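Colleague: Below you'll find the structure I mean.
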Amino acid sequence: LANLRLYQYSAVDKSPLSYYVLRPYWNWCVQWFPMTMAPNLITLIGFCAVLIDVLLILIYTPDLATPAPAWVYVAFAAGLWIYSTFDNVDGKQARRTGTSSPLGELFDHGCDALNATAGGLVQAAGLGLGVSGRTCIVLFVTIGTFYIASWENYHTKTLYLGYINGPTEGLVVSCLTMLASAVWGPAIWHQPASHWIGPLAPRTWLVCDLCTAGLLGLMLTTQLPASLLNTTTMGQALWQTIPFALFFLAVGVWLAAPGSVVMTPDYFILFAFTVGLVFGRIATIIILAHVTHMPYPEWSLLYFPVYAGALLSLPAVITGSPHAALWTPAGEATYLSIVFLWSLVAYLSWAWIVIQQFCHHLGIECLSIA
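Right under this line is the structure:
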């Protein structure tokens, strides 16, 4: 913690939408928050708005496909917009009240890491993607993009947001799609893509296929190349990402296993939450290493239960037979539940300890201005 004295926040946002439109909006919004309100409390309230969206998913469309009442999709858009607004206002509130600290960056990006999964589920429900490969792509993109950005941030010491980026343009587009679902229903995204772009689309593609392909394409053609260029030109090794790449591969293997319960409406969201908790801690540890100038964290014990799940499912993937898996559906469901609970307890206890240590060292409170 002694290295916290070296902390200095650095960020670059190239987005014209952010600079010319949203920044004046954020500056207007911050005036409505009392000077006694802690920036981290603003961050937490914003994240709770997304958690409310997730609760609505569990109530109205737990399979991510069943059409929900129109107001639910409006609530999805409102939750994401509130989250984005509060996520950008918290830093302005910190400067306004003179309470900027490394804990603020850690808390902010920790919530962002969890939102990569929660927000991805909200987007999937808003488009009515269901428990499908499309939803998996959305989650892989949101989680993968955040990991790449965190990896780049650690090595360059700067959070870089390009001319088109997920937290700005991506979120605005997401909110607009939610509102479109509120007006016309999520069925609008399941029309043949040829109705929108004619013969340019493959015959079997739906509009939602265009959306997911666009998300994946943007990550592969913008975020990934830019981050690799910024980082590897400084001589940083790609081998640091191998444990996370194996984690991603393990998640993919587990999802691809024929007969796996994780690709059923009863367990998919639980699986997503489990992966999200593991990723949330990994990404936050990277930010922790960044603000404390510690070595890059490569391995984590939280990876290994997911690795194990993939290995138990691998025979089914290789043979194409659900009977080849090294566990029964009931055993898999029990294992998943245990891993989720373990990941949740591990995350919450670790977060509590880190926050307490930061507050004690810096002489501050997390959710109030002392």
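Under my numbering, read the sequence shown as residues 299 to 668, first letter to last.
Heads up, the beta-carbon is just placed ideally off N, CA and C, and yes, glycines get one too.
Just so we're clear, the structure is a prediction, and the values are computed from it rather than from any experiment.
So does the region 377 to 388 actually touch the region 464 to 479, counting three or more Cβ pairs closer than 8 Å?
Modeller: As far as the Cβ criterion goes, the region 377 to 388 touches the region 464 to 479, which means the pair count is three or higher.
Colleague: Assign P465 to buried or exposed, taking buried as 16 or more other Cβ atoms, counted over all protein chains shown, within 10 Å of its Cβ.
Modeller: Counting Cβ neighbours within 10 Å, P465 comes out buried, since at least 16 surround it.
Colleague: On a CA-only basis, which of S308, V319, T590, V560 is nearest F638? Give me that one, please.
Modeller: It is V560 whose Cα lies nearest to the Cα of F638.
Colleague: Going by alpha carbons, who is nearest to Q329 out of Y605, D388, L508, A628?
Modeller: Out of Y605, D388, L508, A628, D388 has the C-alpha closest to the C-alpha of Q329.
Colleague: Would DSSP call P332 helix, strand or coil?
Modeller: Note: P332 maps to coil in three-state DSSP.
Colleague: According to DSSP, is A491 part of a helix, a strand, or is it coil?
Modeller: Here A491 sits in coil by DSSP.
Colleague: Say whether the region 562 to 570 touches the region 580 to 599, bearing in mind that this needs 3 or more beta-carbon pairs closer than 8 Å, one atom from each stretch.
Modeller: Taking 8 Å as the limit for Cβ pairs, the verdict is that the region 580 to 599 does not touch the region 562 to 570.
Colleague: Leaving aside the five residues before and after A587 along the sequence, list all residues of the same chain whose C-beta is less than 7 Å from its C-beta, in chain order.
Modeller: So the qualifying residues of the chain are Y452, P593, Y594, P595.
Colleague: For Y307 and E403, I'd like the C-alpha separation in whole angstroms.
Modeller: For Y307 and E403, the distance between alpha carbons rounds to 8 Å.
Colleague: Please list the terminal residues of the continuous alpha helix (DSSP H) segment that includes V481.
Modeller: Taken as a continuous stretch (DSSP letters only), the alpha helix (DSSP H) holding V481 covers 469 to 482.
Colleague: Are the CB atoms of A347 and G377 nearer to each other than 7 Å?
Modeller: The answer is yes: Cβ separation under 7 Å.
Colleague: What do you get for R432, buried or exposed, if any count of 16 or more other CB atoms within 10 angstroms of its CB means buried?
Modeller: R432 should be labelled buried.
Colleague: Just the Cα atoms here: how many angstroms apart are S492 and Y633?
Modeller: The alpha-carbon atoms of S492 and Y633 are separated by roughly 43 Å.
Colleague: Going by CA-CA distance only, name the one from G574, P490, L342 that's closest to F545.
Modeller: For F545, the nearest C-alpha among the options comes from G574.
Colleague: Alpha helix (DSSP H) containing V615: first to last residue?
Modeller: Its alpha helix (DSSP H) spans residues 601 to 617.
Colleague: Just list the residues that DSSP pairs A309 with in beta bridges.
Modeller: DSSP output for A309 lists L457 as bridge partner(s).
Colleague: Tell me the DSSP bridge mates of L504?
Modeller: Paired residues: P490.
Colleague: By a C-beta neighbour count over all protein chains shown, 10 Å radius and 16 as the cutoff for buried, is A334 buried or exposed?
Modeller: The sequence shown places Thr at residue 334, not Ala. Exposed, because fewer than 16 other Cβ atoms sit within 10 Å of the Cβ of T334.
Colleague: Is L354 helix, strand or coil when you go by DSSP?
Modeller: Note: L354 maps to helix in three-state DSSP.
Colleague: Quick one: any contact between the region 355 to 371 and the region 302 to 319, if contact means 3 or more CB pairs under 8 Å?
Modeller: Verdict: no, contact absent.
Colleague: Give the straight-line distance between the Cα atoms of I462 and T519, rounded to the nearest whole angstrom.
Modeller: I462 and T519: Cα-Cα distance of roughly 11 Å.
Colleague: Rounding to the nearest angstrom, what Cα-Cα distance links F444 and A422 in this structure?
Modeller: Their backbone Cα atoms lie some 17 Å apart in a straight line.
Colleague: Once you ignore the five residues that flank G428 on each side, which residues in its own chain have a CB closer than 7 Å to its CB?
Modeller: Once the five neighbours on either side are set aside, the close Cβ partners of G428 are D361, L362, A363.
Colleague: Does chain C have any CB closer than 7 Å to the CB of P400?
Modeller: Annotation note: the requested chain C is absent from the structure, which comprises a single protein chain.
Colleague: Specify the secondary structure class of W625 as computed by DSSP and reduced to three states.
Modeller: If DSSP states are grouped into helix, strand and coil, W625 belongs with coil.
Colleague: From F345 to C409, what distance separates their C-alpha atoms?
Modeller: Going by the C-alpha atoms only, they are around 7 Å apart.
Colleague: Could you compute how far the alpha carbon of I653 sits from the alpha carbon of L401?
Modeller: Going from the Cα of I653 to the Cα of L401 covers about 7 Å.
Colleague: Along the chain, where does the alpha helix (DSSP H) that runs through T397 open and close?
Modeller: No alpha helix (DSSP H) contains T397, which DSSP labels as neither H nor E.
Colleague: State the DSSP-derived secondary structure class of N463, mapped to helix, strand or coil.
Modeller: N463 falls in the coil class under three-state DSSP.
Colleague: If we ignore side chains and look at the alpha-carbon of each, how far apart do H488 and T529 end up?
Modeller: Rounded to the nearest angstrom, the two C-alpha atoms are 39 Å apart.
Colleague: So, with DSSP's three-state summary, where would you put T364?
Modeller: In the structure shown, T364 sits in coil (DSSP, three-state: anything other than H, G, I, E or B).
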